[in-house]
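Okay, structure first, notes after.
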Amino acid sequence: MRIFAPNHVVAKSRFWYFVSQLKKMKKSSGEIVYCGQVFEKSPLRGTHNMCREYRDLTTAGAVTQCYRDMGARHRARAHSIQIMMVEEIAASKCRRPAVKQFHDSKIKFPLPHRVLRRQHKPRFTTKGPNTFF
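Laid out in structure tokens, this is it:
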């Protein structure tokens, strides 16, 4: 069982709490084999420099996209993000594949839910509308 706690005293206490819930066991009839610290890098702490690319029609829209993307991918709060510079770059200088995929001149998008406009709809029909072609 792995217990994540701030120190070894709390970890041992939580261990006996969970073991007593899972099995019929008390502290006097059991033994803790190992209690150690795991040192892992936490990307939620410290300062990190990043260069991000977004496609948007306005600068404000791109900044909003950045805040939402950083919150989703890295759990970074908006108050902890400092945007140093926002600039428009040419298509040839883009590096991210999420942005480069839209640089195709022959790009096509599916039209999955085409709804007829009111003037083209029949007034009375024997079957319901089919919006998926």
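Residues in the sequence shown are numbered consecutively from 388, following the working numbering. Where a beta carbon is used, it is the ideal one built from N, C-alpha and C, also for glycine.
Residue i to residue j span [Cα, whole Å]
i           : j           : result
residue 392 : residue 462 : 21 Å
residue 415 : residue 403 : 10 Å
residue 457 : residue 472 : 16 Å
residue 464 : residue 455 : 9 Å
residue 395 : residue 425 : 12 Å
residue 432 : residue 467 : 10 Å
residue 486 : residue 420 : 51 Å
residue 504 : residue 516 : 12 Å
residue 477 : residue 483 : 13 Å
residue 434 : residue 491 : 36 Å
Cβ neighbours of residue i in the same chain (closer than 7 Å, five flanking residues each side left out)
i           : result
residue 452 : 441 and 443
residue 475 : none
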